[in-house]
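Read the structure below first, then the notes.
Written out as structure tokens, the structure is:
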């Protein structure tokens, strides 16, 4: 049980950490996942104003509109996303600001992925900035990183709009980035002249080259680390450390490749238009790397724990490990899907709210699913059966192969697989044969009616001697009783328990006992009765008169010497008889080495 508890604690802790990591993948993403509370005042604040043709009602709309305008070469339109000071009124000055901001962004600046930028009219109210001000990126001005801010102001129609802040515009107006970017030095002119999506073909070619370079660098770094760690750390050559390193290798390589791509693209001056269009892809790849890491750690911890439980012979621990591994993987998939949907801009709040509204319908539709999950939890905690147990569930007899989240699989004696839903499994009568400490040996011997009372006494004593003397038979109880006169036989009941390691061993011992009981019946001078009427057309040899006389004389001798072991055996005689029978019997191949 100690191993089971340890495995449970490890997996439960790991499951909680997985959920925390996934649910905390980004404050902005989480804010979209959690549905807002419904109140009477929850009305659209923009309903009374006409739609802004530039899409500036939210911070995300402003940033998205600005990027689209720059990509389309619409400089004047792009300047309408700026909160210009009163001194800037000419078109040329506005165009210079647009060009300056783009150059600053190309020179190592960045804009947050769209899904991290608030899409609410009030902006992000949970940051450390004043109300009506949001951070959407950074730029480098005179070797110093400066926040790129948007602020809420009043539009021409009287409605609220978001613009790049006047403070940001004033800082941008003071710089004039004229230096040639590293990427521009190596771009051929014929590639620079052609554009796609508002960006020169050369920028896209450089982007593809950066992807390859970043992955090759990440692969080389991880390979070198994997090569050097075992050289300097002995534990890294054996499990579990080697397994952990292997589980981390691929996800860390992917994550490192994404990080290198982002850093290199900023350093060489890859266009912000290209980087911003790829931002959601890099975000998703980073999430996939995290999910892959959690998945591989789940597999490793599950396999390692299963091996430990197997070595200890802890079948219950194996069941717990398998169940928790499946549960952890299900949690990774569910929260991974939610996080990825949030990363690509899907508003999962609406979907979750719909689940809340249709909760009753969902509960009714998923009643069996919930029932099966609860049943699986019951099977794991109560443990009426464990993986590897031979059991009977209803009319199904076989060995438990797996206990899943939804169902349990049983391998029958016919080698077929029977799948039983856990809800039904946990509520059905379960008979577990795997935990028997002893096996019942019960049979009724029917002898012929020609058998005399003294022969019956002889059989009762001799049959009990066999049970008491056999090393595989438990002496308490070990009884042989004359239970009645049947329609065709005199019935003697044999009832005892056999001590055996398994069912196959039990069959061997039972076979040996039955043969010994037959020998006793044969020596008594009687025979087994036939449960049918017999017509004799020839002279019946009948029972042996000589053996009957011998049996009766031995019984008479017991009576004369006060050694008749009826109605019960003397305890001293039982002790004397214990283990006096040779087992395996003489002549057995299994006993020749004794």
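In UniProt numbering, the protein residues as written are 1 to 594. For every residue, glycine included, the Cβ atom is placed at its ideal position computed from N, Cα and C.
With respect to the C-alpha of residue 480, the residue from 325, 230, 464, 474 having the closest C-alpha is 464. In this structure, residue 425 places its C-beta atom within 8 Å of the C-beta atom of residue 375. Following the DSSP letters along the chain, one finds residue 133 in no alpha helix (DSSP H) but inside the beta strand (DSSP E) bounded by residues 133–141.
For residue 447, the enclosing beta strand (DSSP E) has its first and last residue at 439–447. The three-state reading of DSSP puts residue 428 in coil, since its state is none of H, G, I, E or B. Considering only 503, 468, 54, the residue with the shortest C-alpha distance to residue 435 is 503. Counted as a single uninterrupted DSSP element, the stretch harbouring residue 527 is not any alpha helix (DSSP H), since DSSP gives it neither H nor E.
Only residues of its own chain outside the window of five on either side were considered, and among them 391, 392 have a CB closer than 7 Å to the CB of residue 431, listed in chain order.
Secondary structure at residue 398: strand, using DSSP grouped into helix, strand and coil.
Annotation: residue 383 is outside any beta strand (DSSP E) and is labelled neither H nor E by DSSP.
For a cut-off of 8 Å, the C-beta gap from residue 300 to residue 243 is around 5 Å, short enough to register as a contact. When the five nearest sequence neighbours on each side are left out, the beta carbons in the same chain lying within less than 6 Å of the beta carbon of residue 462 are those of 520, in order along the chain.
For residue 166, the uninterrupted alpha helix (DSSP H) segment begins and ends at 166–173.
With fewer than 16 neighbouring CB atoms inside 10 Å of its own CB, residue 518 falls in the exposed class.
Looking only at 383, 318, 260, 437, the smallest Cα-Cα distance to residue 472 is reached by 437. The straight-line gap separating the alpha-carbon atoms of residue 577 and residue 238 is approximately 55 Å. Taking the C-beta atoms as reference points, residue 260 is found no nearer than 8 Å to residue 328. Note that the C-beta distance between residue 273 and residue 75 is not below 8 Å. Following the DSSP letters along the chain, one finds residue 245 in no beta strand (DSSP E) but inside the alpha helix (DSSP H) bounded by residues 241–267.
Across the structure, residue 135 and residue 115 are spaced so that their CA atoms are roughly 13 Å apart.
The distance from the Cβ of residue 569 to that of residue 498 is about 19 Å, inconsistent with a contact at the 8 Å cut-off. Between residue 57 and residue 156, the gap from beta carbon to beta carbon reaches 8 Å or more.
Taking a cut-off of 8 Å on C-beta distances, the region 291–298 does not touch the region 115–124, as fewer than three cross pairs fall below it. The C-beta separation of residue 251 from residue 296 comes to about 7 Å, placing the pair in contact by the 8 Å criterion.
With a cutoff of 8 Å on beta-carbon distance, residue 249 and residue 221 are scored as not near each other. Linking residue 258 to residue 209 through their CA atoms gives a straight-line distance of about 13 Å. Counting C-beta atoms within 10 angstroms of its own C-beta, residue 312 has fewer than 16 neighbours from the protein chains shown and is therefore classed as exposed.
Close CB contacts of residue 551 within its chain, under the 7 Å cut and outside five residues either way in sequence, are with 454, 455, 458, 524, 525 (chain order). Spatial neighbours of residue 162 in its own chain (CB-CB distance under 8 Å, excluding positions within 5 residues in sequence) are listed in chain order as 56, 57, 58, 59, 61, 62, 123, 134, 150, 151, 152, 153. Put simply, of 467, 233, 490 the residue whose alpha carbon is nearest the alpha carbon of residue 512 is 467. Less than 8 Å divides the Cβ of residue 387 from the Cβ of residue 401.
Residue range 545–560 is occupied by the alpha helix (DSSP H) that includes residue 545. Per the coordinates, the alpha-carbon of residue 73 lies some 14 Å from the alpha-carbon of residue 94.
Here residue 113 is buried, its C-beta having at least 16 other C-beta atoms within 10 Å. About 11 Å separates the Cβ atoms of residue 417 and residue 408, ruling out a contact at the 8 Å cut-off. Assignment of beta-bridge partners to residue 154 by DSSP yields 160.
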